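Trainee: Protein chains in written order, with our numbering: chain A, 184 to 520; chain B, 2 to 307; chain C, 1235 to 1590.
Even for Gly, the Cβ is constructed at its ideal location relative to N, Cα and C.
Computed from a predicted model, the values in this text were never measured in an experiment.
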Amino acid sequence: MTSTENVLEVDHLQVDFLTRRGVVHAVRDVSFMIASGETVGLVGESGSGKSVTAQAIMGLTELPGRIVGGDVRWKGESLVVGKAAARTMDRVRGREIAMVFQDPMTSLNPVFTIGSQMAEIFRRHQKLDRRQARERSLDLLDLVGIANPAARFKQHPFEMSGGMRQRVLIAMALACEPELLVADEPTTALDVTIQAQILELLAELQQSMKLAVLFITHDLGVVAGICDRVAVMYAGKIVEDASAHDLYAKPAHPYSAGLLGSTPRLDVRAERLISIAGSPPDLRMPPVGCAYAERCPSVIDRCLTEQPALRAVPGQPEGSRRVAACFRAADFHTPAS
Amino acid sequence: MGRYLGQRLFQGIIVVFGVTVLVFVITRLVGDPVNFILPLSASEEQRVRLRADLGFDESILRQFIDFIAGAIRLDFGDSTLFRNQDAFDTVMNFLPKTLQLVAGGMAIALVVSIPLGALAATRPGTMLDKVLITVSLAGLATPQFFLAQLLLFFTSVRFQIVQFGDGPWTHLIVPSIAMALPAIGRLTMVVRSAMIDELNSQYVKAAKAKGVARRRVVLVHAWRNASIPFVTLFGWETIRALAGFTLVIEAVFDWPGLGDLAITAIKERDFFLIQAIVFVVAIMVVVINIGIDVVYKLIDPRVKLS
Amino acid sequence: MTNDPTSSWTPVDANTSTQHERDDATHAEQAQEGRPYEVRIATKGLFGELISDRTGFIAAVFLVVVLVIAFAAPWIAPYGPVEGNPSTARISPIWDGGTWAHVFGTDAQGYDVLSRLMWGSRTTLLIGVVVVLVAGIFGVVVGLISGYRGGRTDRWLMRWVDMQVAFPGLLIALIMIAVIGASIKSLIFVLAFNAWMVFARMTRGVVLSAKENPYVEAAEIVGCRPRRVMFLHILPNLTSSLATLAVLEFARIILAEATLSFLGLGLQFPDVSLGLMASAGREAFFSLPRLAVIPGVFLTLIVLAVNFLSSWLRVATDPVEREKRHATSAKGITDKDAAKRARQAKRAARLNEATS
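This is the structure:
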């Protein structure tokens, strides 16, 4: 038995969006788990449902979106189902689970100083007074690598650079020493060099604070560096869930393989960029069979009529917890031809 | 800030100048002004004498120069309506009553529209929201004099609650409400839409993710942003009230303020008084406009610090 | 080779959802590229939108009815606007013992209220429309010139606009009417004098932001003359904002006319407008309230309907607004569904208990 338990369990989550053109089933069946201190990457292209999942976990699903099925459990308590869920969510959000958003500019209130926006977290969750809240805030700003925190404390968001704002957001997320950090594409809006700094920072913090991280991104390069496990999403469902090493070495699902194959490499000269032909299905009318079938090079008849469930990939060592939703997952693990 | 103020003041002076010149020009288009002042039975001699007295026999240019010179000294001549009292002084006598009315009305509007608008914004699409919208729209769609008369009718005739006309501040209550109602209608809609926009923004979502209490998110985070455009619109409403609606409300409720004076002056063609009134009103409008801009610059840190 | 995941794969057939996606995407792109498309796509669904928004629909129907009445007044009004004499004065309306000859009764001079309502609507609407047209055309032209020419022309024109905006409108209007005499023509002039600035400012704003678009530059490079550019390319952008503004100004103007009439400086006898009818003096109001209340309420309803219509217009022409509105009504529907299901479940449970 491992010494780490699962802190977060997402159990067959379903989220719909009620738009004028029809109901979009943005998240059709998502299940995964995060253990204490583990970094899990949630990977997928735009529209796969990863941000929607993240927001559902945080209870931020708002119209036109609604959670219509499944559950999200934090340390065993449901955040979604049942009368006590709302109260649990209130208690947990911002304190035990924290979130960092994609765009640091719009995630901060433009008319307040960052100092006041940080202090309010402490005042809310830990009931500190003004002076104490300020001290803690300055400590945190220092922790995330911001020079001259006292001066920054009094500044407004527009007076800071993008990288610095993202650090501030991370600081705010870490204020109450959460056990899980949900990072929704935290580096997508930043330059590559800043990106590297932020990732380094996250890795450090994760080590020192024993922080579990749900890292959402479409960038496989980023995931490789920082994640223990990776869950790949496509068309609202998880199609593969494996350790980072296993996934990159030998993907079990054709979509994962396609993603990896289309990542340009610096060490291989290629004439053209490789992509996966076609585009994701319209989630207003999700296909009857596997959603990837029409683009899949390994498709068989069964794929078009039956939905593959997320099942253990055969031929894996004990306890690897590797699952994939493909009828032909086994084929990818016979020694390569 | 100083330079900006200076610029705005200069613009303001031009506006006041423009308005007074406009009024001057209009009033001189009338024809022979003395015909309005003297009764029909007056003799030709009397007319000639009056004309000379009032300076109407001089050339237009001369009259204009005299006028400007006088305006700078705040001397607009003597009111013909009030038996030769100085026009400017007369205006100043009536001003306080109007200011009381406008202050009362706008205070009520402020206090009512913000909570109602915020309430509607937090529950968009619900029955409550629809009711609030309909009530607001009804308030701004009704002609103000009509609303005022209805109010007057119900409070003083049907139910005999209060008295009207000049008197202690209690006589101001219902007129202030009448003045506030259309403003409440417009301002509530503004607050509602501004708050809805803010509540849909990313930083509100981020604040919720931080665990901030819902109440604080609405009252502090969202409102602080929404208050910025609100201030501007509130200023405009005050100007509309001051320079327009007082005329109507004072007429209906017999409140002896500047608006009432203005109507009488216009109907009786007391040019000097009209000029003084317009001058004073234009100055107030300009001052409020400048005030709006200044406040706006002060409360929006993005503007203040750049 | 069989395991190569990167070999391209053609779609199953042209009718898969992929193809629909592609079509949708192309349409969306086209809509973004040239704003004129946007207007077309927006108006495509306009009528459908109208039906689905109930208040907008009722408002539109009401306004159409009023328009028809106003237009047809000379033919369908039972009496003339000032047809009557003291012998027919103060007749009660139909609900108070009157006859069908005078459905709403008559006023103190003996004129039929219903007829005056019709004639009054005619004048009111006429003034509103004409003023909006005059002020609108003038303002839009000024705004176009100002926005497109830019530089000095723009600065001076906007200074003029700013200066006039700062005038105390009602006061100036009163003074002007007092001087030039109150009549329909002078009323229209004065009201338009006070209204054109809003159109100018809005137009200028739209032109300025439209100028930034690459397609304007492209048109100029190809050699289109400035005027052609202005009218063909920029004007379509204007239509949706202009429509909303015109409608709202219309409402404001008929209220302004009513106020002027109330103060005695609007329409004069024998002209009649709804505002004038609602402006009974204090004694008249208190002795025979219905004479002022009926036209007043009618006028209010017209303005209300215009406001509903304009908000519907705004929603119908802005896709973002449509989605938002749909979301809240969808929540309403799904909430109701959920509540209904919960009720049904409870009933079923109770039934089970009862029978077990």
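In chain order, what residues of the same chain have a beta carbon less than 6 Å from the beta carbon of Leu-141 of chain B, not counting five sequence neighbours either side?
Mentor: The answer, listed in chain order, is Pro-183, Gly-186 and Arg-187.
Trainee: For Glu-303 of chain A, which three-state DSSP category applies?
Mentor: Glu-303 of chain A: helix per DSSP, three-state reduction.
Trainee: Could you check the C-alpha separation between Arg-1269 of chain C and Ala-366 of chain A for me, to the nearest Å?
Mentor: With a pLDDT of 36 at Arg-1269 of chain C, under the threshold of 50, the modelled position of that residue is not reliable, and the figure given next carries that caveat. If you take the alpha carbons of Arg-1269 of chain C and Ala-366 of chain A, they lie about 37 Å apart.
Trainee: Can you tell me which of B:Ile-300, B:Ile-174 and B:Ala-266 puts its alpha carbon nearest to the alpha carbon of Phe-231 of chain B?
Mentor: Comparing Cα-Cα distances from Phe-231 of chain B to each of B:Ile-300, B:Ile-174 and B:Ala-266, the minimum goes to B:Ile-300.
Trainee: Taking all protein chains shown into account, decide if Met-347 of chain A is buried (16 or more other Cβ within 10 angstroms of its Cβ) or exposed.
Mentor: So Met-347 of chain A counts as buried.
Trainee: Does DSSP classify Lys-258 of chain A as helix, strand or coil?
Mentor: Three-state DSSP puts Lys-258 of chain A in coil, outside helix and strand.
Trainee: Please report the straight-line C-alpha distance between Ile-459 of chain A and Leu-324 of chain A, rounded to a whole angstrom.
Mentor: Taking the straight line joining both Cα atoms gives about 42 Å.
Trainee: In the segment 196-226 of chain B, which residues sit with their C-beta less than 7 Å from some C-beta in chain C, listed in chain order?
Mentor: Within the segment 196-226 of chain B, no residue has a Cβ that lies closer than 7 Å to any Cβ of chain C.
Trainee: Check whether the Cβ atoms of Val-192 of chain B and Ala-122 of chain B lie closer than 9 Å to each other.
Mentor: Yes, the Cβ-Cβ distance between Val-192 of chain B and Ala-122 of chain B is below 9 Å.
Trainee: Does the beta-carbon distance from Gln-197 of chain A to Val-210 of chain A come in below 9 Å?
Mentor: Yes, Cβ-Cβ distance for Gln-197 of chain A and Val-210 of chain A is below 9 Å.
Trainee: Rounded C-beta distance between Ser-524 of chain A and Tyr-5 of chain B? I'm assuming under 8 Å.
Mentor: Since the first residue shown for chain A is 184 and the last is 520, residue 524 of chain A is missing from the structure and cannot be characterised.
Trainee: Kindly list, in the order they appear in chain B, the residues whose Cβ is closer than 8 Å to that of Ile-250 of chain A.
Mentor: Within 8 Å Cβ-Cβ: nothing; Ile-250 of chain A doesn't reach chain B, min ~16 Å.
Trainee: How long is the line joining the alpha carbons of Val-295 of chain B and Gly-444 of chain A, rounded to whole angstroms?
Mentor: Straight-line Cα distance between these residues: approximately 59 Å.
Trainee: What residues of chain B sit near Gly-1403 of chain C, judged by a beta carbon separation below 9 Å?
Mentor: Result: Arg-241, Ala-244 and Gly-245.
Trainee: Go to Asn-226 of chain B, then tell me how far its alpha helix (DSSP H) extends in each direction, as first and last residue.
Mentor: Asn-226 of chain B -> alpha helix (DSSP H) spans 224-241.
Trainee: So the candidates are C:Gly-1384, C:Ile-1371 and C:Leu-1466; which of them puts its Cα closest to the Cα of Ala-1434 of chain C?
Mentor: Looking at the Cα atoms, C:Ile-1371 is the closest of the given residues.
Trainee: In terms of residues, what are the limits of the beta strand (DSSP E) holding Glu-171 of chain A?
Mentor: Coverage of chain A is limited to positions 184 through 520, which leaves residue 171 of chain A absent and any answer about it impossible.
Trainee: Which runs of the beta strand (DSSP E), 3 residues or longer, sit entirely within the segment 217-291 of chain A?
Mentor: Complete beta strand (DSSP E) runs here, min 3: 222-226, 248-257 and 280-283.
Trainee: Quick one: does Glu-238 of chain B have its CB under 9 Å from some CB of chain A?
Mentor: No - not a single Cβ of chain A is within 9 Å of the one on Glu-238 of chain B.
Trainee: Looking at Trp-1353 of chain C: is its Cβ nearer than 9 Å to the Cβ of Ala-1306 of chain C?
Mentor: No, they are not a contact pair.
Trainee: Any idea if Arg-412 of chain A is buried or exposed, counting beta-carbon neighbours within 10 angstroms, 16 or more meaning buried?
Mentor: Arg-412 of chain A comes out buried.
Trainee: Name, in chain order, the residues that DSSP records as bridge partners for Gly-118 of chain B.
Mentor: Bridge partners of Gly-118 of chain B: none, in fact.
Trainee: How would you list, in chain order, the residues of chain B whose beta-carbon sits under 8 Å from the beta-carbon of Pro-1523 of chain C?
Mentor: Simply Phe-154.
Trainee: Given this structure, state the Cα-to-Cα distance separating Phe-510 of chain A from Ser-439 of chain A, to the nearest angstrom.
Mentor: In a straight line, the C-alpha of Phe-510 of chain A is about 14 Å away from that of Ser-439 of chain A.
Trainee: With Val-1376 of chain C and Phe-1484 of chain C assumed to form a contact (beta carbons below 8 Å), what rounded beta-carbon distance in angstroms separates them?
Mentor: Incorrect: roughly 19 Å between the Cβ atoms, too far for contact.
Trainee: Enumerated in chain order, which unbroken segments of the alpha helix (DSSP H) with a length of 4 residues or greater are wholly contained in the segment 1377-1434 of chain C?
Mentor: Fully enclosed alpha helix (DSSP H) runs of 4 or longer: 1385-1399 and 1403-1414.
Trainee: I'd like to know if Phe-200 of chain A contacts chain B, where contact means its C-beta is closer than 9 Å to some C-beta of that chain.
Mentor: Chain B, which has no Cβ nearer than 9 Å to the Cβ of Phe-200 of chain A, makes this no.
Trainee: How would you list, in chain order, the residues of chain B whose beta-carbon sits under 7 Å from the beta-carbon of Phe-1520 of chain C?
Mentor: The answer, in chain order, is Phe-154 and Val-158.
Trainee: Taking 9 Å as the CB-CB cut-off, is Asn-290 of chain B touching chain C?
Mentor: At least one chain C Cβ lies under 9 Å of Asn-290 of chain B.
Trainee: Comparing alpha-carbon positions, which option in A:Arg-313, A:Leu-449, A:Leu-225 and A:Ser-214 lies nearest Gly-252 of chain A?
Mentor: The shortest Cα separation from Gly-252 of chain A among A:Arg-313, A:Leu-449, A:Leu-225 and A:Ser-214 belongs to A:Ser-214.
Trainee: For Arg-1274 of chain C and Phe-1291 of chain C, what's the separation of their Cα atoms in angstroms?
Mentor: Annotation note: pLDDT 38 at Arg-1274 of chain C (below 50); position unreliable, coordinate value reported separately. C-alpha separation (whole angstroms): 21 Å.
Trainee: Go to Thr-1340 of chain C, then tell me how far its alpha helix (DSSP H) extends in each direction, as first and last residue.
Mentor: Here Thr-1340 of chain C belongs to no alpha helix (DSSP H), and DSSP marks it neither H nor E.
Trainee: Name the one or two DSSP bridge partners that Leu-568 of chain A has.
Mentor: Coverage of chain A is limited to positions 184 through 520, which leaves residue 568 of chain A absent and any answer about it impossible.
Trainee: How would you label Thr-135 of chain B, buried or exposed, when you count the other beta carbons within 10 angstroms and need 16 or more for buried?
Mentor: By the 10 Å Cβ count, Thr-135 of chain B comes out exposed.
Trainee: Excluding the 5 residues flanking Thr-1289 of chain C on each side, which residues of the same chain have their C-beta closer than 6 Å to its C-beta?
Mentor: Taken in chain order, the residues that qualify are Phe-1542.
Trainee: Look at the alpha carbon of His-208 of chain A and the alpha carbon of Gly-419 of chain A, and state the distance between them as a whole number of angstroms.
Mentor: If I take the Cα positions, the gap works out to 7 Å.
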